[in-house]
Every structure is written in C-alpha cells, then in structure tokens.
Amino acid sequence: MRCIEITAPGGPEVLKLASRAVPVPGPGEILIEIAYAGVNRPDALQRAGAYKAPPGASDLPGLECSGHVAALGPGVSGWSVGDPVCALLPGGGYADYATCPAAHALPIPVGTSLRDAACLPETCFTVWSNVVMRGGLSAGERFLVHGGSSGIGTTAIQIARALGARVWATAGSAEKCAACETLGATAINYRAADFAEILRAEGGANLILDMVGGSYIARNLKALADEGRMVFIAFLESPKAEINFAQVMLRRLTITGSTLRPQSDAAKAEIARQLRAQVWPMVEAGKLKVVQDSVFPLEEAAAAHARMESSAHIGKIVLRLS
Ligand SMILES: NC(=O)c1ccc[n+]([C@@H]2O[C@H](COP(=O)([O-])OP(=O)(O)OC[C@H]3O[C@@H](n4cnc5c(N)ncnc54)[C@H](OP(=O)(O)O)[C@@H]3O)[C@@H](O)[C@H]2O)c1
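Okay, so the sequence shown: first residue is 1 according to UniProt numbering, each after it adds one.
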C-alpha cells in the first residue's frame with residue numbers, strides 16, 4: 001500500500017511517500033480501506049518529534065479516516081466487509097489501509113459524505129470528552145473556546161450550541177471571526193480585544209476550552225465565573241506560566257485537561273458510544289457541520305502540513321487517498 005512516512009523529525013519536507021505491507025487486523029480490530037484521512041495539529045507535532053506514537057501504534061501519522069471495512073479481525077461483530085465507516089485511529093491514517101479497534105469505528109452519519117466524515121472522529125472524540133465528559137458543559141452555561149476557527153474550535157462551537165450553551169470564541173483575524181460567528185459563537189478577535197474583559201462583563205465563563213496556554217492562563221482564570229472550569233487540550237504558546245493560585249481556591253475554580261491518544265481502548269470505546277448516541281444525531285440534524293478548509297492528495301501531505309502550520313486555514317484539512 002501507499003503511505004506517508006516521517007523520515008526524520010523535522011518540517012513538512014520530512015513527510016515522504018513510501019510503500020508498505022497492508023496491516024493485518026488483530027483480535028477485535030477492523031481493517032479499513034481509506035478514502036480520506038483528516039489532518040490534525042497533533043500529526044504536525046508527531047512529525048516534528050514532539051508527540052510520540054503510543055506503544056503498539058503505527059509509526060505512520062494519521063489519527064482519523066473514512067472509507068470502507070476491508071477485513072475483520074478475530075472476534076469482531078457488528079461490522080461487515082464493505083461497510084462505510086469512519087474511525088479514530090491509534091495512528092497510520094496517511095495510508096491506503098489502516099487497522100483500529102472495532103469499538104473506535106463509527107458509521108458514516110446519514111447525509112454525510114466520506115470526505116466530511118473523515119473530519120469527524122478526532123475532533124468529536126476530543127471535544128466531547130473534554131467539553132462534556134470532563135468539562136461538564138450544560139445548557140444555559142457560558143462557554144469560551146480559544147482557536148475558534150480550528151478543526152477543534154469549529155466543532156466545539158457547534159456542539160456547545162447544540163447543547164444549549166452560549167458560546168464565545170477567540171480567533172486571530174476578521175475572516176476567522178466571521179467563520180466563528182456563522183457557527184453561532186460571539187467571536188473575539190484576540191489581536192484587537194481582551195477576551196477576559198468581555199467574558200467578565202457577561203458574568204464570566206463557566207467553562208473554557210484552551211489550546212494556547214502561556215499568557216492565556218492567567219487571563220483564563222480572570223475570565224472564569226466562580227465555580228468555573230478550565231480544560232487544557234494543548235499549549236500552542238507555552239505550558240508554563242506564573243499564576244496566583246489563590247483565586248482557584250477563593251473562587252472554587254477547576255483546572256483540568258487531557259490528551260486523547262494515550263487513553264485506554266476502553267476509554268475511547270466509551271467516548272465512541274457517547275458520540276454515536278448524542279453527537280451523530282446532531283450531525284444528521286444539520287446542527288454539527290464539518291467546516292472544511294482544503295483537500296490534498298496523499299502525496300501532497302507535506303503541503304497539507306505546511307498549510308496547517310501557516311495557520312491560514314479555517315476548519316479541517318483532509319488527505320484524499322482514492
Ligand atoms: N488534547 C487532545 O487530545 C487533542 C486532540 C486533538 C487536538 N489537540 C490540540 O488542539 C489544538 C487544535 O487542533 P486542530 O487540529 O484543530 O488545529 P488547528 O486547526 O491547526 O488549530 C490551531 C489554531 O490555534 C490558533 N492559535 C491560537 N494561538 C496560537 C499559537 N500561539 N500558535 C499557533 N496557533 C494558535 C490558530 O488560529 P488563530 O489564527 O486564530 O490564532 C490555529 O489555527 C492543537 O493545539 C492540537 O494539538 C489536542
């Protein structure tokens with residue numbers, strides 16, 4: 001099969017087209033013939049040598065895909081060869097074929113194209129597990145998401161709106177802010193306005209989803225309402241900051257966070273179960289739409305990474321395999 005290998009830690013140019021044997025599904029796994037693979041920021045971190053594949057996972061990049069079931073490993077039920085599918089992958093999505101635990105695969109939502117479906121797993125697993133399961137967002141709450149025009153941000157805005165929350169999103173340009181507004185958020189151009197002041201004037205955020213860290217951390221604490229929660233999913237600026245933790249105590253704040261990839265198969269299967277029950281109906285009702293920036297053929301994976309790291313994109317970047 002064709003695949004994209006990370007030939008050395010480095011910039012997008014280290015991604016090279018290569019040829020490998022088709023993987024064999026183990027017990028409880030399915031083999032997927034991939035039609036499209038989503039490109040995510042963690043892929044760029046892995047390429048740069050800053051985010052190792054967990055033990056047992058493919059060393060090839062690619063955390064999500066859509067396509068068709070090509071083979072079943074021992075003990076798999078509920079899937080048949082030829083079924084359309086999208087899946088969260090432990091790695092290996094930049095290839096014609098990949099394996100994953102059957103419990104991490106989901107049907108294509110009715111009315112969704114294979115191209116759009118490839119963009120759902122990584123962001124939906126991440127947003128649902130951090131915003132709802134960990135962050136406890138509920139109807140009527142005020143929710144702030146940073147990086148509102150990112151793959152994660154566009155998904156978080158729509159899921160939070162579908163849950164009945166009021167949503168604010170930060171973004172770095174007028175065009176990105178307009179995209180956030182279209183999805184139902186009040187956009188804040190962080191280059192022109194102070195998100196902490198804006199949220200405080202509204203009574204404070206009950207929940208913040210942060211991927212920036214650094215100088216945002218103290219401002220996030222300021223932006224939170226009493227009893228507010230802050231969930232970290234990345235530190236694009238920095239994981240370090242000098243903070244006065246007294247306000248965590250005095251205002252009963254919660255600081256938490258998670259990464260998806262190292263979690264157990266059982267934890268990911270539980271997230272998949274909740275997505276199928278609660279988020280796939282949002283997709284099928286048109287409440288959660290994939291915001292897609294661009295599609296690149298597999299052999300142009302380096303160009304896809306360069307676009308992602310330019311931060312010029314709005315929404316998801318996808319690789320086309322077939
Ligand atoms: N914890 C997890 O399990 C998990 C899973 C998936 C993704 N993530 C993380 O979530 C984040 C979003 O992922 P994604 O795939 O949706 O990425 P993405 O589309 O590339 O989004 C990143 C966006 O963040 C904004 N940003 C704000 N401050 C930034 C800074 N200092 N440096 C660079 N960008 C900055 C940029 O938009 P502006 O122009 O508005 O600044 C950029 O478009 C990434 O950091 C990723 O690593 C975490």
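Backbone N, C-alpha and C fix where the C-beta goes; we use that ideal spot for every residue, glycine too.
Practice prompt. Pull up the distance between the alpha-carbon of ALA179 and that of ILE317, whole angstroms please.
Written response: Roughly 16 Å between the two C-alpha positions.
Worksheet item: Among the residues of its own chain, which have a CB less than 8 Å from the CB of ILE6, if the five just before and after it don't count?
Response: If we look at ILE6 and ignore the five residues flanking it on each side, its Cβ neighbours are VAL14, LEU15, GLN46, ARG47, ASP59, LEU60 and PRO61.
Discussion item. Is it buried or exposed, SER129, if we count other Cβ atoms within 10 angstroms and call 16 or more buried?
Written reply: Buried.
Practice prompt. Take every Cβ of the stretch 250-268, pair it with every Cβ of the stretch 92-109, and state whether three or more of those distances are shorter than 8 Å.
Written response: The answer is yes - the stretch 92-109 touches the stretch 250-268, with three or more Cβ pairs under 8 Å.
Worksheet item: Taking 7 Å as the line, does the beta carbon of PRO61 fall inside it for any heavy atom of ligand 1?
Response: No, since every heavy atom of ligand 1 falls outside the 7 Å radius drawn around the Cβ of PRO61.
Worksheet item: For PRO90, does the count of other Cβ atoms within 10 angstroms reach 16, so buried, or fall short, so exposed?
Response: Counting Cβ neighbours within 10 Å, PRO90 comes out buried, since at least 16 surround it.
Discussion item. I'd like to know whether the C-beta atoms of VAL69 and SER80 end up nearer to each other than 8 Å.
Written reply: Yes, the pair counts as a contact, with Cβ atoms nearer than the cut-off.
Worksheet item: Does the Cβ-Cβ distance between GLY153 and ALA174 come in under 8 Å?
Response: Judged by beta-carbon spacing, ALA174 lies beyond the 8 Å limit of GLY153, meaning their Cβ atoms are not closer than that value.
Fill in: Under 8 Å between C-beta atoms of TYR94 and ALA301
Yes, the pair counts as a contact, with Cβ atoms nearer than the cut-off.
Discussion item. Since PRO42 and ALA87 should fall inside the 8 Å C-beta cutoff, what is the C-beta to C-beta distance between them, to a whole number of angstroms?
Written reply: Going by Cβ atoms, the distance from PRO42 to ALA87 rounds to 16 Å, so no, they are not a contact pair.
Practice prompt. Quick one: give me the first and last residue of the alpha helix (DSSP H) that ARG273 is part of.
Written response: Membership of ARG273 in the alpha helix (DSSP H) is indicated by the continuous run 265-274.
Worksheet item: Can you give, in chain order, each stretch of the beta strand (DSSP E) that sits fully within the stretch 230-301 and has at least 3 residues?
Response: Entirely contained in the stretch 230-301, the beta strand (DSSP E) runs reaching 3 residues are, in chain order, 254-257 and 292-297.
Item to complete: Figure out for me which residue from THR112, GLU227 and LEU221 has the closest Cα to the Cα of ASN244.
Response: Nearest neighbour of ASN244 by Cα position, chosen from THR112, GLU227 and LEU221, turns out to be LEU221.
Worksheet item: Can ARG134 be considered in contact with ligand 1, in the sense that its beta carbon sits closer than 7 Å to one or more heavy atoms?
Response: No, the beta carbon of ARG134 sits no closer than 7 Å to any heavy atom of ligand 1.
Discussion item. Closest to PHE296 by C-alpha separation, out of LEU319, PRO281 and VAL283, would be which residue?
Written reply: Comparing Cα-Cα distances from PHE296 to each of LEU319, PRO281 and VAL283, the minimum goes to LEU319.
Item to complete: Would you list, in sequence order, the uninterrupted alpha helix (DSSP H) runs of no fewer than 4 residues that lie entirely inside the stretch 164-244?
Response: Every alpha helix (DSSP H) stretch that sits fully inside the stretch 164-244 and reaches 4 residues is listed by chain position as 174-182, 195-201 and 216-223.
Practice prompt. Taking 8 Å as the threshold, find out whether the stretch 179-198 comes into contact with the stretch 111-126 through three or more Cβ pairs.
Written response: No, they do not touch.
Worksheet item: For CYS99 versus ILE34, is the C-beta distance shorter than 8 Å?
Response: The residue you asked about is not Cys; residue 99 is Thr in the sequence shown. ILE34 is positioned such that its CB atom lies no closer than 8 Å to that of THR99.
Worksheet item: If we count the other Cβ atoms within 10 Å of its Cβ and call it buried at 16 or more, is VAL145 buried or exposed?
Response: Buried is the label assigned to VAL145, since at least 16 other Cβ atoms lie within 10 Å of its Cβ.
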